[in-house]
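Protein sequence lines, in the order shown, are assigned to chains A and B.
For our numbering, add 19 to where a residue sits in the first sequence, where the first one is 1.
For our numbering, add 19 to where a residue sits in the second sequence, where the first one is 1.
Just so it is clear, CB atoms sit at the ideal spot from N, CA and C, and this is done for glycine as well.
2 protein chains.
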Amino acid sequence: MKIQAVKGTRDFYPEDMRLRNWIVDAWRRVSLRNGFEEYDAPIFEYLDLFAIKSGPEIAGQLFSFTDRGGRQLAIRPEITPSLARMVNAKINSLPRPIKWFSVPRLCRAENPQKGRLREFFQWNIDIIGSDDVLADAECIFVCVDFLREVGLTPQDVQVRIGSRPLTLAALRSAGVPAEATDAALPILDKRPKVSDEEFRGLATEGGLSEEQVRAVCRFQDCRSMEEVRSALGGADDSEDQIGALNRLRDCLKTMGVGEYCTLDMRIVRGLAYYTGIVYEVFDAGGALRAIAGGGRYDNLLEVLGGPKVGACGFGMGDVVLGILLREKGKVRPGILAQGLDFYVIDDEGCPLETVMQVVGALRSKGASADFSYKRQPTGKQLKEANRRGAKRAVIVRPGNTVAVKDLVTGEQQDCRIEDILAGPR
Amino acid sequence: MKIQAVKGTRDFYPEDMRLRNWIVDAWRRVSLRNGFEEYDAPIFEYLDLFAIKSGPEIAGQLFSFTDRGGRQLAIRPEITPSLARMVNAKINSLPRPIKWFSVPRLCRAENPQKGRLREFFQWNIDIIGSDDVLADAECIFVCVDFLREVGLTPQDVQVRIGSRPLTLAALRSAGVPAEATDAALPILDKRPKVSDEEFRGLATEGGLSEEQVRAVCRFQDCRSMEEVRSALGGADDSEDQIGALNRLRDCLKTMGVGEYCTLDMRIVRGLAYYTGIVYEVFDAGGALRAIAGGGRYDNLLEVLGGPKVGACGFGMGDVVLGILLREKGKVRPGILAQGLDFYVIDDEGCPLETVMQVVGALRSKGASADFSYKRQPTGKQLKEANRRGAKRAVIVRPGNTVAVKDLVTGEQQDCRIEDILAGPR
Numbered sequence: 020m021k022i023q024a025v026k027g028t029r030d031f032y033p034e035d036m037r038l039r040n041w042i043v044d045a046w047r048r049v050s051l052r053n054g055f056e057e058y059d060a061p062i063f064e065y066l067d068l069f070a071i072k073s074g075p076e077i078a079g080q081l082f083s084f085t086d087r088g089g090r091q092l093a094i095r096p097e098i099t100p101s102l103a104r105m106v107n108a109k110i111n112s113l114p115r116p117i118k119w120f121s122v123p124r125l126c127r128a129e130n131p132q133k134g135r136l137r138e139f140f141q142w143n144i145d146i147i148g149s150d151d152v153l154a155d156a157e158c159i160f161v162c163v164d165f166l167r168e169v170g171l172t173p174q175d176v177q178v179r180i181g182s183r184p185l186t187l188a189a190l191r192s193a194g195v196p197a198e199a200t201d202a203a204l205p206i207l208d209k210r211p212k213v214s215d216e217e218f219r220g221l222a223t224e225g226g227l228s229e230e231q232v233r234a235v236c237r238f239q240d241c242r243s244m245e246e247v248r249s250a251l252g253g254a255d256d257s258e259d260q261i262g263a264l265n266r267l268r269d270c271l272k273t274m275g276v277g278e279y280c281t282l283d284m285r286i287v288r289g290l291a292y293y294t295g296i297v298y299e300v301f302d303a304g305g306a307l308r309a310i311a312g313g314g315r316y317d318n319l320l321e322v323l324g325g326p327k328v329g330a331c332g333f334g335m336g337d338v339v340l341g342i343l344l345r346e347k348g349k350v351r352p353g354i355l356a357q358g359l360d361f362y363v364i365d366d367e368g369c370p371l372e373t374v375m376q377v378v379g380a381l382r383s384k385g386a387s388a389d390f391s392y393k394r395q396p397t398g399k400q401l402k403e404a405n406r407r408g409a410k411r412a413v414i415v416r417p418g419n420t421v422a423v424k425d426l427v428t429g430e431q432q433d434c435r436i437e438d439i440l441a442g443p444r
Numbered sequence: 020m021k022i023q024a025v026k027g028t029r030d031f032y033p034e035d036m037r038l039r040n041w042i043v044d045a046w047r048r049v050s051l052r053n054g055f056e057e058y059d060a061p062i063f064e065y066l067d068l069f070a071i072k073s074g075p076e077i078a079g080q081l082f083s084f085t086d087r088g089g090r091q092l093a094i095r096p097e098i099t100p101s102l103a104r105m106v107n108a109k110i111n112s113l114p115r116p117i118k119w120f121s122v123p124r125l126c127r128a129e130n131p132q133k134g135r136l137r138e139f140f141q142w143n144i145d146i147i148g149s150d151d152v153l154a155d156a157e158c159i160f161v162c163v164d165f166l167r168e169v170g171l172t173p174q175d176v177q178v179r180i181g182s183r184p185l186t187l188a189a190l191r192s193a194g195v196p197a198e199a200t201d202a203a204l205p206i207l208d209k210r211p212k213v214s215d216e217e218f219r220g221l222a223t224e225g226g227l228s229e230e231q232v233r234a235v236c237r238f239q240d241c242r243s244m245e246e247v248r249s250a251l252g253g254a255d256d257s258e259d260q261i262g263a264l265n266r267l268r269d270c271l272k273t274m275g276v277g278e279y280c281t282l283d284m285r286i287v288r289g290l291a292y293y294t295g296i297v298y299e300v301f302d303a304g305g306a307l308r309a310i311a312g313g314g315r316y317d318n319l320l321e322v323l324g325g326p327k328v329g330a331c332g333f334g335m336g337d338v339v340l341g342i343l344l345r346e347k348g349k350v351r352p353g354i355l356a357q358g359l360d361f362y363v364i365d366d367e368g369c370p371l372e373t374v375m376q377v378v379g380a381l382r383s384k385g386a387s388a389d390f391s392y393k394r395q396p397t398g399k400q401l402k403e404a405n406r407r408g409a410k411r412a413v414i415v416r417p418g419n420t421v422a423v424k425d426l427v428t429g430e431q432q433d434c435r436i437e438d439i440l441a442g443p444r
């Protein structure tokens with residue numbers, strides 16, 4: 020009986036796996052060099068953990084199940100609630116700021132579409148225990164450090180940076196009552212994704228007047244912090260928040276990534292839990308969904324039973340990123356190719372035992388080496404060595420001599436078998 | 020509201036994660052140098068995939084759930100069914116032998132005990148498309164290559180090798196009817212784990228007579244292939260199977276891992292799907308559960324709708340292995356410690372911007388570097404540099420000079436800031 024993979028999931032054949040590993044290895048390398056430590060949490064948690072953060076509606080968007088003890092569990096759709104749970108459990112012994120990263124496998128019960136699957140991997144960068152805009156700047160720096168690492172330029176991608184408090188100030192100064200602003204945020208978040216007409220429709224449904232919509236759009240379309248300042252007219256704490264955004268921009272320039280970043284008040288983020296600077300990374304063409312998104316979330320630890328502690332971070336999934344890297348030609352063939360240091364071949368009349376002895380010795384010294392299970396002509400084995408991407412062929416001959424052939428240059432050198440058994444150069 | 024992790028799962032704080040990464044990195048490194056390619060499959064599959072391989076009883080041992088389309092899905096308790104599914108889907112285009120490895124996260128709905136959790140990681144090594152005992156030998160070699168890599172000696176661990184066909188021959192030659200042998204295997208598998216009395220009880224319940232039990236035990240207790248030969252008296256294809264075991268032993272010796280391997284007819288493996296050589300890895304003390312287990316399974320691909328293709332492999336979990344590595348003192352403190360190439364410090368009067376410029380430049384050149392968000396006295400920052408395991412401190416001073424301090428030797432050298440900004444040595 021033949022069974023398929025579940026739709027919205029991916030099989031990683033070796034070539035797919037090499038691409039995934041190339042991305043994940045770069046995520047890890049960049050995180051570590053930016054001073055972040057890796058953590059991970061279980062793939063399933065109590066359903067309540069996700070419901071407390073995101074509201075009970077979240078249950079419909081995740082894979083939940085009941086264990087034999089009748090406990091309601093769910094596969095994680097994101098790792099931030101687990102992060103908050105883990106930090107809360109050791110809040111008094113962890114030196115701050117806590118700079119942690121993770122590369123969790125996540126699952127969401129969605130309808131698969133381009134760039135959106137039911138199972139994916141997501142790089143998470145978080146800094147907990149700092150209210151300083153330096154922490155926001157560092158997260159964005161790390162994000163850009165990765166984009167640069169995989170060859171994406173400021174012409175390929177941009178980090179678009181907005182502000183939750185400034186957006187709330189704009190809503191309030193447009194006359195939207197405080198209790199209605201939370202509901203307005205997901206509507207504003209949709210604006211860049213829908214037509215003007217659709218947006219006005221959504222806004223009206225959400226209870227915003229035409230005048231309010233115009234005022235908020237005027238704020239969102241500001242091209243400079245000066246325009247933002249005059250659009251808001253000193254409402255609420257907008258001066259402080261404008262100062263924070265200016266400082267953020269200066270930090271990013273100082274650290275050398277200013278070109279990758281744009282202030283953009285249309286960036287809102289849909290989730291309720293953000294409290295400060297927010298950002299999303301988009302391809303310059305604008306054809307794809309966001310590549311990454313994040314911001315400051317100062318209340319989450321408290322909501323999950325811990326203290327009120329400043330926190331910020333972002334997530335970057337592997338699906339949209341993978342599409343962009345392929346489109347931009349950044350996935351070089353070398354990344355997808357298999358390779359070996361040595362392929363060991365028996366010349367006519369040489370016993371298989373010698374091949375196995377040589378293979379065993381090479382591997383034990385840390386070199387990658389392989390051989391054919393079938394006794395075949397030397398030419399056929401050489402062909403297989405090439406197919407496997409071997410750098411060198413070791414041709415074992417009767418009488419304790421071997422030839423080492425460089426499969427790139429074609430050069431061949433004789434040596435004694437003892438030299439090979441003593442370990443690769 | 021405070022929520023805990025689900026029992027039987029693990030939170031990986033950075034130190035735990037470094038241990039896990041040390042193990043997983045060694046699994047990967049050893050797999051690649053032995054010529055295996057990495058693959059992965061989704062974390063959930065159709066429940067049927069597992070039920071076809073292991074029988075409908077398996078449903079009680081795994082976490083299953085229904086998606087919005089009413090499909091019965093389950094979190095994978097093992098990856099072999101997914102492997103067989105993936106290989107079957109591309110059986111005609113994959114060059115054989117297929118040598119693949121994976122390090123899947125797996126979940127089982129069990130009661131947590133020492134060495135047995137509800138979520139764990141398992142290294143899987145498989146060779147598909149070869150009937151040759153060379154393939155079995157290579158799997159065992161890879162297993163030992165890893166054990167050696169992490170510092171375990173033949174005095175610490177042994178691969179105990181048995182034979183499913185010889186065990187079946189022993190059952191039949193003891194007079195157990197062919198249709199009853201499958202049910203007898205899980206009972207024999209339990210023998211090393213229970214007292215003699217309990218074992219006889221289980222065997223009697225399973226329909227074996229006292230005489231049959233004695234005969235099978237005589238076979239299982241054989242200390243040499245000569246004893247096995249005389250115990251079986253040429254039953255069925257036992258001569259061929261004895262030949263295969265002898266060849267396996269010779270291969271392992273030739274490849275240099277003979278000392279790690281023992282033939283042991285008490286090794287049976289509980290699962291029904293094995294068809295040839297089987298093995299388990301145990302700590303020499305015998306205090307722990309098996310560290311790894313595997314064998315030949317020539318029918319699985321066919322059962323899952325593919326062709327009949329020879330296959331063999333093993334799995335090694337991270338839980339028992341982790342306990343053993345700690346007990347044997349193989350987890351050196353260096354493995355668990357964090358580290359940084361540079362910690363950048365501002366001496367009195369130096370602007371923070373210079374620190375950030377230096378940090379940004381070092382990271383952009385690929386070095387790991389960090390700094391303090393708080394302006395603190397130099398001594399306090401040096402202390403933090405040490406806590407973070409930094410190799411060197413870069414002390415930035417007013418007037419474009421810096422001092423680089425080696426935090427191991429204490430040596431300090433002055434240099435120009437341009438030299439640092441040009442990238443680390």
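- In terms of beta-carbon proximity, MET284 (chain A) stays away from the interface with chain B, with every pair separated by 7 Å or more.
- Within the stretch 151 to 164 of chain B, the residues whose Cβ lies closer than 9 Å to any Cβ of chain A are, in chain order, ASP151, LEU153, ALA154, ALA156, GLU157, PHE160, VAL161 and ASP164.
- For a Cβ distance threshold of 7 Å, residue set ILE22 and VAL25 of chain B lies close to TYR65 (chain A), ordered along the chain.
- Using a CB distance cut-off of 7 Å, ASN318 (chain A) does not count as an interface residue toward chain B.
- Residues of chain B with a Cβ closer than 9 Å to the Cβ of ARG104 (chain A) are, in chain order, LYS21, ILE22, GLN23, ALA24 and ASP30.
- When DSSP assignments are scanned along the stretch 246 to 299 of chain B, the uninterrupted stretches of beta strand (DSSP E) that are 3 or more residues long and fall wholly within it turn out to be 280 to 282.
- Bounds of the beta strand (DSSP E) holding ARG124 (chain B) are 124 to 126.
- Using a Cβ distance threshold of 7 Å, ILE146 (chain A) and CYS331 (chain A) count as a contacting pair.
- Secondary structure at LYS133 (chain A): coil, using DSSP grouped into helix, strand and coil.
- Proximity of chain A to GLY275 (chain B) at the Cβ level (cut-off 8 Å) is accounted for by GLN376, GLY379, ALA380 and SER383, in chain order.
- Taking each of B:GLU367, B:LEU307 and B:GLY312 in turn and checking the Cα distance to ARG345 (chain B), the smallest one comes out for B:LEU307.
- For PHE55 (chain B), there is no enclosing alpha helix (DSSP H), since its DSSP letter is neither H nor E.
- ARG266 (chain A) and PRO61 (chain A) have their C-alpha atoms spaced approximately 37 Å apart.
- Closer than 7 Å to the CB of ASN53 (chain A) there is at least one CB belonging to chain B.
- Shown here, VAL421 (chain A) sits in a strand according to DSSP, grouped into three states.
- Taken in chain order, the complete beta strand (DSSP E) segments of 3 or more residues contained in the stretch 174 to 229 of chain B are 176 to 182.
- For a cut-off of 8 Å, the C-beta gap from ILE310 (chain B) to LEU340 (chain B) is around 5 Å, short enough to register as a contact.
- For the pair ARG167 (chain B) and ARG48 (chain B), the Cα-to-Cα distance works out to about 13 Å.
- An exposed status is given to GLU198 (chain A), since fewer than 16 other beta-carbon atoms sit within 10 Å of its beta-carbon.
- Within the same chain, LEU320, LEU323, GLY324 and GLY325 come within 7 Å of ASN107 (chain B) by CB-CB distance, once the 5 residues on both sides are set aside.
- Residue burial annotation: CYS434 (chain B) is exposed, with fewer than 16 other C-beta atoms found within 10 angstroms of its C-beta.
- The Cβ atoms of ARG137 (chain B) and THR28 (chain B) sit closer than 7 Å to each other.
- In this structure, the alpha-carbon of ASP360 (chain A) lies about 22 Å from that of CYS270 (chain B).
- Short of 8 Å from the beta carbon of MET284 (chain A), and not among the five residues preceding or following it, lie these beta carbons of its own chain, in chain order: GLY181, SER182, LEU185, THR186, ALA189, PHE238, GLN239, ASP240, CYS241 and VAL247.
- At least one C-beta of chain A is nearer than 7 Å to the C-beta of GLY324 (chain B).
- The three-state reading of DSSP puts CYS158 (chain B) in helix, counting H, G and I together.
- Identification of residues in the stretch 354 to 376 of chain A having a C-beta nearer than 7 Å to some C-beta of chain B yields GLN357, LEU359, GLU372, MET375 and GLN376, given in sequence order.
- Against chain A, the beta carbon of CYS270 (chain B) has neighbours under 8 Å at MET375, listed in chain order.
- Between ARG104 (chain A) and GLY148 (chain A) a beta carbon distance of about 16 Å is seen, past the 8 Å cut, so the two are scored as non-contacting.
- The beta carbon of PHE82 (chain B) is closer than 6 Å to those of ILE94, CYS126 and ALA128 in its chain, skipping five residues each way along the sequence.
- Residue state for SER50 (chain B) is assigned as helix, using DSSP reduced to three classes.
- In the displayed model, GLY313 (chain A) falls within a strand according to three-state DSSP.
- With distances taken between CA atoms, PRO33 (chain B) lies nearest to A:VAL122 out of A:VAL122, A:ALA388 and A:GLU224.
- In this structure, B:ALA154 is the residue among B:PRO131, B:ALA154, B:ILE77 and B:ASP86 with its C-alpha nearest to the C-alpha of MET375 (chain A).
- Per DSSP, GLN80 (chain A) is not a residue of any beta strand (DSSP E), being assigned neither H nor E.
- Taking 7 Å as the threshold, the shortest C-beta distance from ASP175 (chain B) to chain A does not fall below it.
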